[in-house]
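Colleague: Residue numbers (numbering that gives the first Met the number 0), protein chains in the order written: chain A, 0 to 336; chain B, 0 to 347; chain C, 0 to 332.
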Amino acid sequence: MTNPQSAPVLKVVDLSLRYLTRGGAVKAVQDVSFELAEGQALGLVGESGCGKTSVANCLMRLLPDNAQLVAGQVLIDGQDILSLTEDKIREYRWQQIAMVFQAAMNALDPVYKVGQQVVEAIEAHGVEATVSLARERVARLFRMVGLDPALMDRYPHEFSGGMRQRAVIAMALACDPRVIIADEPTTALDVIVQDRILRELKGIQQQLHMAVIYISHDIAVIAEVTDRIGVMYAGRLVEYGATEDVFRAPLHPYTAALMGSFPSIAGEKRVLANLSGEPPNLIDPPPGCPFHPRCIHATEVCRQEIPPRVQRGSQWADCWHPLEESAVPESVEAGEV
Amino acid sequence: MEASLAHTPSAETERLVSVSGLTRQFPVGRSLFRRATSFIHAVDDVSFQLSRGDSLGLVGESGCGKTTVGKLLVKLIEPTSGHITYRLPGLDVGEGTENVPVESADISGGQLRAFRRQVQMIFQDPYESMNPRRTIYDTIAEPLAVQGMGTVLDRVDMVSEILMLVGLTPPATFLFRHPHELSGGQRQRVAIARALVVEPSFVVADEPTSMLDVSSRTGIMNLMQQLAHGLGIAYLYVTHDLAVARYMCHRIAVMYLGKIVELGETEELLRNPLHPYTRALLSAVPVPDPGHRREPPNIVGDLTAPIDPPARCRFYDRCPLATHHCRDNPHPAFEEKAPDHWVACYEV
Amino acid sequence: MITPPNYTPVPGPGSEPPVMEVGHSRIRLLWARTRLALHSFRTGWSIFMESRIGVLSLVIIGIFAIMAVVHPILMLTIWDVDTYDPVTGYAFDQVNQPAAPSWRHPLGTDPLGRDVLSQLLWSTRSEFVLGITAALVTVAIATTVGAVSAYYGGIVDVFFMRLADLFIALPGISLLIVLSALFKLNLFYLALVIGILGGFGGTAIILKSQALSIKVKPYIEAARVAGGGHFHIIFVHIIPNLLPLSLLYMMFTVTSAIFAEAVLSFLGLLDVRMSWGIMIHTANTGGYLMGGTRYWWLVVPAGASITLLCSAFYLGGRALDEVVNPRLRRRHD
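1. Hey, how far is the Cα of A210 (chain A) from the Cα of I228 (chain A)?
2. May I have a chain-ordered list of the beta strand (DSSP E) segments no shorter than 3 residues that lie completely inside the region 189-243 of chain C?
3. Could you check if E20 (chain C) is buried or exposed, using at least 16 other CB atoms within 10 Å of its CB as the buried criterion?
4. Measure the C-alpha to C-alpha separation of M48 (chain C) and F251 (chain C) and round it to an integer number of angstroms.
5. Please report whether the beta-carbon of A219 (chain A) lies at a distance below 8 angstroms from any beta-carbon of chain B.
6. Would a check of beta-carbon distances place V299 (chain B) closer than 8 angstroms to chain A?
7. Does the region 122-137 of chain B come within contact of the region 187-198 of chain B, defined as at least 3 CB pairs closer than 8 angstroms?
8. Excluding the five sequence neighbours on either side, which residues of its own chain have a C-beta within less than 7 angstroms of the C-beta of R311 (chain A), listed in chain order?
9. From the DSSP output, in three-state form, read off A310 (chain B) for me.
10. Going by alpha carbons, who is nearest to M170 (chain A) out of A:P284, A:H124 and A:G202?
11. Spell out whether any CB of chain B is found under 8 angstroms from the CB atom of N185 (chain C).
12. Would you tell me roughly how many angstroms separate the C-alpha atoms of S103 (chain B) and E346 (chain B), rounded to the nearest one?
13. List the residues of chain C whose Cβ lies closer than 7 angstroms to the Cβ of L75 (chain B), in chain order.
14. In terms of residues, what are the limits of the beta strand (DSSP E) holding I96 (chain A)?
15. With C-beta atoms as the reference, is L268 (chain B) less than 8 angstroms away from H340 (chain B)?
16. Establish whether the CB of E183 (chain A) and some CB of chain B are separated by less than 8 angstroms.
17. Could you spell out the range, first to last residue, of the beta strand (DSSP E) harbouring P331 (chain B)?
18. From the DSSP output, in three-state form, read off Y89 (chain C) for me.
19. Mind checking the region 34-55 of chain C against chain B and listing, in chain order, the residues whose C-beta falls within less than 7 angstroms of any C-beta there?
20. Which ranges would you report for the alpha helix (DSSP H) in the region 77-145 of chain B if only whole runs of at least 4 residues count?
21. Note down, in chain order, all residues in the region 32-53 of chain A with a beta-carbon under 7 angstroms from any beta-carbon belonging to chain B.
22. Closer than 7 angstroms to a non-hydrogen atom of the ligand ZN - does that hold for the CB of L308 (chain C)?
23. At which residues does the beta strand (DSSP E) containing D44 (chain B) begin and terminate?
24. When the cut-off is 8 angstroms and only beta carbons count, does M120 (chain B) lie next to chain C?
25. Going by DSSP in three states, Y213 (chain A) sits in which element: helix, strand or coil?
26. Return no unless some Cβ of chain C is closer than 8 angstroms to the Cβ of E198 (chain B).
27. I need the DSSP call for Y253 (chain A), collapsed to helix, strand or coil.
28. Pull up the CB-CB distance for M206 (chain C) and S245 (chain C), whole angstroms please, since I reckon it's below 8 angstroms.
29. Are W121 (chain C) and M278 (chain C) touching if we call contact CB-CB under 8 angstroms?
30. Where does F201 (chain B) sit, in a helix, a strand or coil, going by DSSP?
31. Is W315 (chain A) helix, strand or coil when you go by DSSP?
32. Residues of chain B with a CB under 8 angstroms from the CB of D108 (chain A): which are they?
33. Assign Q24 (chain B) to one of three DSSP states: helix, strand, or coil.
34. Can you give me the Cβ contacts of S260 (chain A) inside the same chain, cut-off strictly under 8 angstroms, excluding the 5 residues immediately before and after it?
35. List the DSSP bridge partners of Y236 (chain B).
36. Is there a Cβ from chain B that is less than 8 angstroms from the Cβ of P71 (chain C)?
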């Protein structure tokens, strides 16, 4: 953890993934590239089925049998983890990169004590030499995520939803990973619990100087906890940049539409933009810009050619007709037509 | 609680639903041979009114009883005590008694049929709220069919019309599909169509967008508002999301462990929250603006289940303002602290 | 106050199912429904045919069905009644009975000089009738009992479930033996008894647990809000969703009915003219079962038929299992 801030701990280069199904190859991830430095938080947002979770599964190398890596590299400190063998990958998982699963999704085994499950994760990776040391470590982790260490010997069903999510975070932290992926970490939790858990995650991230990738459909959560945002659409990263810049002035019409469709309790009450239509079929995606069938700015060139990358400060987007900074409110209005 | 009956601005005749002292308890651990000794106080002494064309958002965390209130209002379950009074067209008790208030408990038999035409519900889960073996036509025409409204051919026309109204066009391509062939957003449009096909005056919407993707969510919210305004339907919108309630409703009621703790006009309640729970809830809602800074919610402890709660303010254990007075007195009365702004708290 | 914005209608997916104009006729409505039914049948059929055991079971059941049909045709054409009647016939052309298979008697004759093939073919029909009657009775009772006791719960549920326990506790075959001693049990009564035993017994419990999971679905609440009464909910929402599972248990009941018939006939307790069980019974009372493989044609055809038909219905049930859980399958695609 002594690396300078500027050195990227995680580098994803031209990642492409597809799933082979009976109907054809589903192009779930296409040409996704980004970098993440230590202490940075990246948010991946998009509609369901846009490839957010597939990217996470690539990074964790937790891929179903029908998944096929087409191209790309995932570098952690320069080591390409996609070329590692199955044996090596087990060492790398949890120690280099760990995942915070949705607690609602059976992330905890109901027949084992919660503490025991974390202890086992630590033992399996040989991080602590003895069981008692491992238990001490779990107690520390529990305190860090705001759980009473006495709860170690309880079973998952004795935990509330929020406590379970904390335990899952403790599990992800078990082997001091350098990168943590949080896949919808607070979905299905009530707002007050969500707020506490997000604050704790953020605190831990700053304290341990970790890189965190948040995956969420809730752009309000992403806006609060991240400093980089990547907007995904149809398996592609269509816009990327500093969270504040992207929220202030999105370049891509999809980003603008997504933000315009979110109600907020702050600020003036405004009409929400309808993002009409559905995401494209990824077996046979539309030619040109994948967003063109739903885009109000689409022209002939969008239908035929892959859009170029447009840069503005920290921010870039793949679009033929990027939005002007001043034109943003107008484009949101236009999105509803 | 009597005082709260007077807080609707509209005239007596415009009042569609009046709820007073509504209570529903669920027994814990009861069986055929054992009588329950403890009860979950899911809804406890709740009162509010809804007028024609009005919209009320019922907001709270999971387990606060908001869905139970919704089910009580559509008579899916019956209250333990308290009154729900409806003033609905077609719901008369005899000759020349059009638009006379009718008690929920008195509605049965033929009146229940009339009631089912006037009061409908939209369910949360678009995947489970439709029989997978029945077509979209069967699903939407069900209320018409069981109430014997129109012939089969009339019903096909009525269903086609309502499908166009909810934006599923052309209707012919949807009529004979099964629910699993549609996306979540399309199914929820079907659910809205089913609720509106009988032309009700009052609809309970139980988190209709919470299971939908971002893109279809806005479409459903806009559609519901448009139809409710266009058809003059009053609705109770049950949700855990204050931002959604703000967008959808004229007024918001905040529930905590079976009690309504605060009720007011939407913008007034958001600008000037009085109850400490409402304040905590508001400060916990993330805002889609990276520049926005929130204070951490001022609340302690965790949510508990309202099983045989002690006779004091429900929020006492978690309240930052709690005093001895709060501990030693029963749950505070619902009082109008500002015009049309009702709060149940000793400390505001 | 905000004004509702114009919304863009969601474009409909492809137009595969029937396309109609808004003004339609009754015939078009019927046609659309028929096409829909055909469509779902074809989907189910293709899933069924994908499993090898499904095809195998269908082939075996098909062969037996042909056998059942062939017997009356043969009796009308090339077989004369005096020689080939399964019960009263006598093979005058043979000197010793039982006679080994020959051209005129492909499966030989039994100790009483009757043609074994004729007996086998004749019995096939009654096995089918028995199996299917028993299965229909079981499923009709079990589906109704399951749906009703799950829906009403309380005392109704307790009554039917204790009744089911009682029926399960009763040893089936022994009970049938007692009943056959008291009454003349013909095939129809046998089917009825087996049907009632299964219908109020184990099958009812299985269907009830399924019905319980249907009862708590939100679409049941939606039906109540729509104004549907108890009858409507049970018969329109619960039972149709139980039917796939019912069909599965129907297949299994066929198996157990045929097997029970074989056992009772073998013990000579049934009032039946001829059946596969009786064929083995006849061989046994003549002492030919002890003769090793020398008189194989007296035992093997009937025994093999019982085994094959029972397994065919069982395998068919297993293949139907795949069709029964359509949502389970679709997620794999």
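The beta carbon of each residue, even a glycine, is placed where N, CA and C say it ideally should be.
Modeller: Judging by the given coordinates:
1. Distance between the alpha carbons of A210 (chain A) and I228 (chain A): 13 angstroms.
2. For the region 189-243 of chain C, not a single whole beta strand (DSSP E) run of length 3 or above is found.
3. Because E20 (chain C) sits at a pLDDT of 45, beneath the cut-off of 50, its placement in the model cannot be relied upon, and the point is left open.
4. 19 angstroms
5. yes
6. no
7. yes
8. L250
9. coil
10. Checking every option, the nearest Cα to that of M170 (chain A) belongs to A:H124.
11. no
12. Each residue's alpha carbon lies about 35 angstroms from the other.
13. E220, R223 and V224
14. I96 to V99 is the span of the beta strand (DSSP E), which, as asked, contains I96 (chain A).
15. yes
16. no
17. Unbroken run through P331 (chain B): none, as it is neither H nor E.
18. coil
19. L35
20. Counting whole runs of 4 or more residues, the region 77-145 of chain B contains the alpha helix (DSSP H) stretches 109-117 and 135-145.
21. Listed by position, the residues of the region 32-53 of chain A near chain B (Cβ gap below 7 angstroms) are E46 and S47.
22. The ligand content of the structure shown is nil, which means the ligand ZN is not present either.
23. S37 to S50
24. yes
25. strand
26. no
27. helix
28. A small fix is needed here, since residue 206 (chain C) is Leu in this sequence, not Met. A Cβ-Cβ distance of about 6 angstroms is found for the pair L206 (chain C) and S245 (chain C), placing them in contact under the 8 angstroms criterion.
29. Against a cut-off of 8 angstroms, the Cβ pair of M278 (chain C) and W121 (chain C) comes out as no contact.
30. strand
31. Strand at W315 (chain A).
32. The contacting residues do not exist; D108 (chain A) stays about 23 angstroms from chain B at best.
33. Residue state, collapsed to three classes: strand.
34. L271, A272, N273, L274 and G334
35. B:G56 and B:A204
36. no
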